[in-house]
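A quick write-up on the structure given underneath.
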Amino acid sequence: MNRIFNFSAGPCTLPVPALQSAAGEFLEYKGKGMSLIEMSHRSKEYDAVHREAADLVRRLYELPDSYKVLFLGGGASLQFSMVPMNLMEPGGRCDLALTGAWSKKALADARKIGTVNLAYDGTDENFMDLPDPATLRPGAGSAYFHLTSNETIGGVQWQRFPATGSVPLVCDMSSDFVSRPLDVSQFGLIYAGAQKNAGPAGAAIVIIREDLLERSGDHLTSYLNYATHAAKDSMYNTPPVFAVYMIMKTLQWLEGLGGLEAAERMAKERSGLIYGAMAKSAGFYSCPVKEHCRSVMNVVFRLPDEELEKKFVAEALENGMSGLKGHRSVGGCRASIYNAMPVAGARTLAEFMNDFASRN
Ligand SMILES: *Cc1c(COP(=O)(O)O)cnc(C)c1O
């Protein structure tokens, strides 16, 4: 076996102990003569997995009792529609901070349901900056305030969040979920596609404050209604059983390492190594993102020209590092360094960056 350092933005590297544990029990789960993914989702074996996965989210975030954890199909993108459909009256108003490619998608879907006020619009800064959260206020009659805690493509990350008073703060945390301690009581709803920090693609984790479930109107179809899923503990329909099982394995690994404090410490160490290599390069590498809001999950950088960027990505691959090409919409390079990326991976990349710069 020869596992390489995988810097892909998602799906992405997962913890080896979680993958090994799943591989070891994949064909036959706990002496039942079948794989977990072949079993009824009503079996007591799957039920235990489902509960433990939700409990792990509760324990890691120290969730107050007033929050529900849901596992839904459709990834984070389905939440771009479920959030406005459930939290806002048709034709209502909400606020959104437009900070990059993902918040742009959330904006487009919310606009199909009601009016979206841009509390912040980073277009003129090319989405390379974030505002001081203290300057942001929800507008009158706003149903919720949406932001994207980490822009996976642009590489900007909120360090603190706006205080939105009685207007619920809704956050797409797909690419920095379970990566740092957080006071969840600041938020009305948090959602995350699993495939960056928490498991495989195809499932979203939703943390919702229970009083918000009252907003989900009867006009909504069953699956698109949060209240349907909350009432059945995400068992209204067949849940994405394999994804939930891998989420459990991944979060068990994280809890064993020391939970969110450990995740944050490692994220700072990994990102420090790569930003450090950039700083040392005397301008060979440059980060377009303003320093105060640089992501510790997705580090974006440019080289002097596109030819060198191509060469960098190709040579990195020859040296056991994949996935370093930037998103097709912005170009350049990007190192996605989620929870499961070992610090050794970031160190190897930083050393390669030094070496590549001196040779070129
Ligand atoms: C990846 C990502 C999404 C989309 O997730 P899907 O599961 O593909 O729908 C949404 N928001 C952010 C911030 C992401 O990084």
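Using UniProt numbering, read the sequence shown as starting at 1 and increasing by one per residue. C-beta atoms are modelled at their ideal positions from N, C-alpha and C, and glycine is treated no differently.
Within the segment 79-119, the runs of beta strand (DSSP E) that reach at least 3 residues and sit entirely inside it are, in chain order, 93-98. Judged by the Cβ position, Trp102 qualifies as a neighbour of ligand 1 at the 7 Å threshold, a heavy atom of the ligand being closer than this. Unbroken alpha helix (DSSP H) runs of no fewer than 4 residues, entirely contained in the segment 219-261, are found at 226-231 and 241-257, following chain order. For Ser295 against Asn150, the beta-carbon gap comes to about 5 Å, under 8 Å, which counts as contact. Contact annotation: Ala119 and Leu107 have beta-carbon atoms that are not nearer than 8 Å. DSSP links Tyr67 through a beta bridge to Arg209.
For Ser322, same chain residues with a beta-carbon under 8 Å away, outside a window of 5 residues either side, are Ile4, Phe5, Asn6, Phe7, Ser8 and Ala316 in chain order. For Asp172, the enclosing beta strand (DSSP E) begins and ends at Leu169 to Asp172. Taking one beta carbon from each stretch, the segment 176-186 and the segment 147-167 have 3 or more pairs nearer than 8 Å; the two touch.
With a cut-off of 7 Å, the C-beta of Ser329 is classified as distant from ligand 1, since no heavy atom of the ligand falls inside that distance. Spatial neighbours of Asp121 in its own chain (CB-CB distance under 6 Å, excluding positions within 5 residues in sequence) are listed in chain order as Leu98.
The shortest C-alpha to C-alpha distance from Met278 to any of Leu260, Leu303, Glu264 and Ala262 is the one to Leu303. Inclusion of Gly10 in the 7 Å shell around ligand 1 follows from its C-beta lying nearer than that to a non-hydrogen atom of the ligand. Asn354 is the residue among Ile205, Asn354, Arg58 and Ser271 whose C-alpha sits nearest the C-alpha of Phe284. Taking 7 Å as the cut-off, the C-beta of Thr164 does not count as close to any heavy atom of ligand 1. Closest in alpha carbon position to Arg347, among Lys325, Pro288, Gly276 and Asp47, is Gly276. Distance from the CA atom of Leu56 to the CA atom of Ser234, rounded to whole angstroms, is 15 Å.
Residue pairing by DSSP places Leu147 opposite Cys171 in a beta bridge.
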